[in-house]
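Q: In my numbering, each residue carries its 1-based index in the sequence shown increased by 120. Every residue gets a Cβ at the ideal spot worked out from N, C-alpha and C, and that includes glycine. All figures in this text were calculated on a predicted structure; none of them were measured in a lab.
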Amino acid sequence: MTLFKAFSLRCKCSDPRPLNIRIETNVYFIKEGKLLKADLLNEDAFSSSDIVELENRLTPLKLSYNDVVHGDYEIKVLYFQVPESTEVVEVISFEEVDRNIRENYISIWSKGKRKLMNKVVPKEIDKRNLLRMLGLKGID
């Protein structure tokens with residue numbers, strides 16, 4: 121087994137631009153054509169060594185680390201346990217609270233590199249829809 125790093129955060133600030141956002145992440149892996157939910161192994165405090173990876177996740181959301189760390193914020197580093205040599209499906213749920221905007225982003229990772237990232241229209245991701253989008257058989 122190996123660890124997959126992801127993030128959750130909340131931020132409420134007015135500078136450099138007004139933001140009131142929440143980001144939650146769920147992680148799955150693909151094994152034998154099935155989508156399996158990864159176990160959250162550990163939750164850690166955010167440190168400066170995590171900035172580059174967080175920026176990598178925030179950029180497609182049109183955010184930066186600098187946007188998030190002004191005002192009141194909390195960032196957690198999440199470690200999920202996934203089998204080695206499997207594709208990982210990361211579902212990032214983004215919510216802009218004051219504007220009532222909810223979006224989901226799906227990334228597929230292989231060998232530590234993002235192969236694909238799509239913005240998904242539904243506000244809530246139904247697991248059956250996720251299976252269809254990924255062309256998989258089932259979920260456990």
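(1) Measure the alpha-carbon distance for V208 versus G232 and round it to whole angstroms.
(2) My output table needs one value for R137: the three-state DSSP class, helix, strand or coil.
(3) Measure the CB-CB distance between N140 and D192 and report whether it falls below 7 Å.
(4) List the DSSP bridge partners of L123.
(5) Curious, which full-length beta strand (DSSP E) runs of at least 3 residues does the region 156-232 contain?
(6) From the DSSP output, read off the bridge partner residues of L250.
(7) Grab me the residues of Q201's own chain with a C-beta within less than 7 Å of its C-beta, minus the 5 sequence neighbours each way, in chain order.
(8) Between the alpha carbons of M237 and I221, how many angstroms are there, rounded?
(9) Identify which residue in W229, S205, P203 and E194 has its Cα closest to the Cα of V211.
(10) Beta-carbon within less than 6 Å of L130's beta-carbon, same chain only, minus the 5 sequence neighbours each way: which residues are those?
(11) Taking the alpha carbon of H190 as the reference point, which residue from S134, N224, S205 and E223 has its own alpha carbon closest?
(12) When you compare the CB positions of E144 and S227, do they come within less than 7 Å of one another, or not?
A: According to the data block:
(1) Residue mapping note: residue 208 aligns to position 88 of the sequence shown, counting from 1. Residue mapping note: residue 232 aligns to position 112 of the sequence shown, counting from 1. Using only the alpha carbons, I get a separation of about 9 Å.
(2) In the sequence shown, the residue the question calls residue 137 occupies position 17. Here R137 sits in coil by DSSP.
(3) To locate residue 140, count along the sequence shown from 1; it is residue 20. To locate residue 192, count along the sequence shown from 1; it is residue 72. The Cβ-Cβ distance between N140 and D192 does not fall below 7 Å.
(4) Residue 123 sits at position 3 when you count from the first residue of the sequence shown. L123 is bridged to Q201.
(5) Listed in chain order, the complete beta strand (DSSP E) runs (minimum 3 residues) inside the region 156-232 are 159-165, 192-202, 207-216 and 221-230.
(6) As a position in the sequence shown, residue 250 is number 130, starting the count at 1. L250 is not bridged to any residue.
(7) Working through the sequence shown from its first residue, we reach residue 201 at position 81. Same-chain partners within the cutoff: M121, L123, A158, D159 and L161.
(8) To locate residue 237, count along the sequence shown from 1; it is residue 117. To locate residue 221, count along the sequence shown from 1; it is residue 101. Cα to Cα, M237 sits roughly 19 Å from I221.
(9) Taking the sequence shown and counting its residues from 1, one reaches residue 211 at position 91. The candidate whose alpha carbon is nearest that of V211 is W229.
(10) Here the question's residue 130 lines up with position 10 in the sequence shown. Reading off the sequence, residue 130 comes out as Arg, not Leu. Sequence-distant Cβ neighbours of R130 in its own chain, meaning closer than 6 Å and more than five residues away, are R142 and E194.
(11) By one-based count along the sequence shown, residue 190 stands at place 70. For the residues S134, N224, S205 and E223, the minimum Cα distance to H190 belongs to S134.
(12) Locating residue 144 in the sequence shown gives position 24, where the first residue counts as 1. Locating residue 227 in the sequence shown gives position 107, where the first residue counts as 1. With respect to S227, E144 sits apart: the two C-beta atoms are not nearer than 7 Å.
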